[in-house]
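Novice: Below is one structure. I have some questions about it.
This is the structure in structure tokens:
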């Protein structure tokens, strides 16, 4: 099965009231499930543009790696140190040239210390702590409104950073805090929405496609930010990065208000056939504010070993990625001495590798479920192990290379990020599979701890990296390597991707009607059985069965 065939299967409409399945219509969005996944991808892209833009922008906002003092100045490079004393003819000439280079319309450089920069990056993760509260709200209330609020908050924060960063570093910290709150609203809302829109067999691929928007946003903003840094026509340089990101978010909100919906039953344009297909296979659509009210079983969640195994795996997956996303431009600048334009392009390559890997590995999860006898849990554990080991090995390998092997270092970083992409059909798919009706609450719990580790990550990195030396960056990567290996033990022993007994509704358990769907037969219009008495339909398949 190739990617095209899987997309056709996701897009197929399965009527349960007509005599035969309808033929697949070849359109841009053959079903609202595909459109929903695409919208979520664009949502993640817009929000992550407003998050990851700081990693590149700070390189041109702050002169952090080279400082000139007229009385006694040192300009450090990898191999030499030049001292400029007051009254030196060369020092005076250099000072005059620097003054001539400063354009009146260029945004000012900001005198932020390494410690203040650490606070700026940590503020985002401090905002993410709100996810502990937003997680269960996503399961109970309208996820569409939460997604809209998320993007609007991030857009406002980026407008604030662009306009007020030159006034005070605390305005920038506050803006980054708001971006973190935005992400805290987004992630659990999207996970909750996916469990309502997509049947279990499609969730891994839908999750990979949607969360791939994070990498898509980074791919778009990092090279763009590198180019915007070097110009002064638009808002004087670096402020244009944040204005552009915020405007992109506003455009997405307008589109999503028009065509988005938090569950299939609220989508006015969905066909009856597709709606009934989703409802027949997806019990989590039953839950919500206006359907079946269920209290979140917090005690069962907190006592569940599979939940904690998935949470720990996600934490250890996100920690190295935070380091790469936030500090890769600084690392390439400090250790491998790339220019701003080169930095913007090369920093996007590992992110592109992660994005492509997430899409194809999520398809691989679906392929293995359909074409092999491996249990879903074993598939998730296998892919997660490959992800953790590959991430750790290639990240460690990059520390062995100096500036003379800069290109190879970028290759290793791309390989490490590509390996990390397999975490999506691994521990992240397991996280939303343990209790589909409470996926928002569990996601909130997991990313609360991710945010807690994210507060420590930039502070620790900036504490270690004081002078931008290679040995300092190697220490940061060594720590990330060790963290990445933890899920190899924890998730393989205690992890699971099966729905837990405490997460199943007694109402659903009592239902005796069984609907089985064979998607390939549906596409061909074969093996369709229509029961006029019970008004139910069945596609025979042992692999995709749902009780309703």
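In the working numbering, the protein residues as written are 2 to 549.
Just so you know, even glycine gets a beta-carbon here, dropped at the ideal spot from N, CA and C.
Model, not experiment: these values are computed from the prediction.
Is residue 254 helix, strand or coil by DSSP?
Specialist: helix
Novice: Looking at the structure shown, is residue 282 part of a helix, part of a strand, or coil, going by DSSP?
Specialist: Note: residue 282 maps to helix in three-state DSSP.
Novice: To the nearest angstrom, how far is the alpha carbon of residue 329 from that of residue 406?
Specialist: 16 Å
Novice: Which term fits residue 372, buried or exposed, when burial requires 16 or more other beta carbons within 10 angstroms of its beta carbon?
Specialist: Residue 372 counts as exposed, since fewer than 16 other beta carbons sit within 10 angstroms of its beta carbon.
Novice: Less than 8 Å between the CB atoms is what I'm expecting for residue 111 and residue 62, so what's the real figure, rounded?
Specialist: 5 Å
Novice: Apart from the five residues on each side of it in sequence, which residues of its chain come closer than 6 Å, Cβ to Cβ, to residue 218?
Specialist: 46, 49 and 50
Novice: Using only CA atoms, which one of 226, 251, 122 and 221 lies nearest to residue 171?
Specialist: 122
Novice: Sort 303, 189, 429 and 182 by Cα distance to residue 141 and report the nearest one.
Specialist: 189
Novice: What whole-angstrom Cβ distance do residue 499 and residue 378 have, given they're in contact under 8 Å?
Specialist: Sure, about 6 Å apart at Cβ, within 8 Å.
Novice: Does residue 461 come out as helix, strand or coil in the three-state DSSP assignment?
Specialist: helix
Novice: Within 10 angstroms of the Cβ of residue 1, are there 16 or more other Cβ atoms? Answer buried if so, exposed if not.
Specialist: In the structure as shown, the chain begins at 2 and stops at 549. Residue 1 is therefore absent and cannot be evaluated.
Novice: Do the CB positions of residue 55 and residue 154 come within less than 9 Å of each other?
Specialist: No. Outside cutoff.
Novice: Can the beta-carbon of residue 438 be found less than 9 Å from the beta-carbon of residue 391?
Specialist: No.
Novice: Please list, in chain order, all residues of the same chain as residue 453 whose beta carbon is under 8 Å from its beta carbon, the five residues on each side excluded.
Specialist: Result list for residue 453: 126 and 130, in chain order.
Novice: So does the stretch 352-362 actually touch the stretch 206-216, counting three or more Cβ pairs closer than 8 Å?
Specialist: In short, these stretches touch, since the Cβ pair count reaches three.
Novice: Assign residue 124 to one of two classes, buried (16 or more other C-beta atoms within 10 Å of its C-beta) or exposed (fewer than that).
Specialist: buried
Novice: Verify the CB distance criterion: does residue 265 have a CB-CB separation below 9 Å to chain C?
Specialist: Absent from the structure is chain C; it holds one protein chain and no more.
Novice: Which partner residues of residue 111 appear in the DSSP bridge assignment?
Specialist: Beta-bridge pairing links residue 111 to 63.
Novice: Note down the Cα distance separating residue 319 from residue 258, rounded to an integer number of angstroms.
Specialist: 30 Å
Novice: With DSSP collapsed to three states, give me the class of residue 201.
Specialist: helix
Novice: Hey, how far is the Cα of residue 416 from the Cα of residue 475?
Specialist: When rounded, the distance between both Cα atoms is 17 Å.
Novice: Are the beta-carbon atoms belonging to residue 426 and residue 380 less than 9 Å from one another?
Specialist: Result yes, Cβ atoms of residue 426 and residue 380 sit closer than 9 Å.
Novice: Decide if the stretch 430-446 is in contact with the stretch 193-213; the criterion is three or more beta carbon pairs, one per stretch, under 8 Å apart.
Specialist: yes
Novice: Given a threshold of 16 other Cβ atoms within 10 Å of its Cβ, counted over all protein chains shown, does residue 282 qualify as buried or as exposed?
Specialist: Per the 10 Å Cβ criterion, buried.
Novice: Alpha carbon to alpha carbon, what distance is there between residue 230 and residue 347?
Specialist: 15 Å
Novice: Look at residue 322 and residue 355 and say whether their C-beta atoms are less than 9 Å apart.
Specialist: yes
Novice: Which residues mark the beginning and the end of the alpha helix (DSSP H) in which residue 391 is found?
Specialist: 377-399
Novice: Mind reading off the beta-carbon distance from residue 478 to residue 133? Whole number of angstroms is fine, and I expect it under 8 Å.
Specialist: With 8 Å as the limit, residue 478 and residue 133 do not qualify as a contact, their Cβ atoms being about 30 Å apart.
Novice: Does DSSP classify residue 184 as helix, strand or coil?
Specialist: Residue 184: helix per DSSP, three-state reduction.
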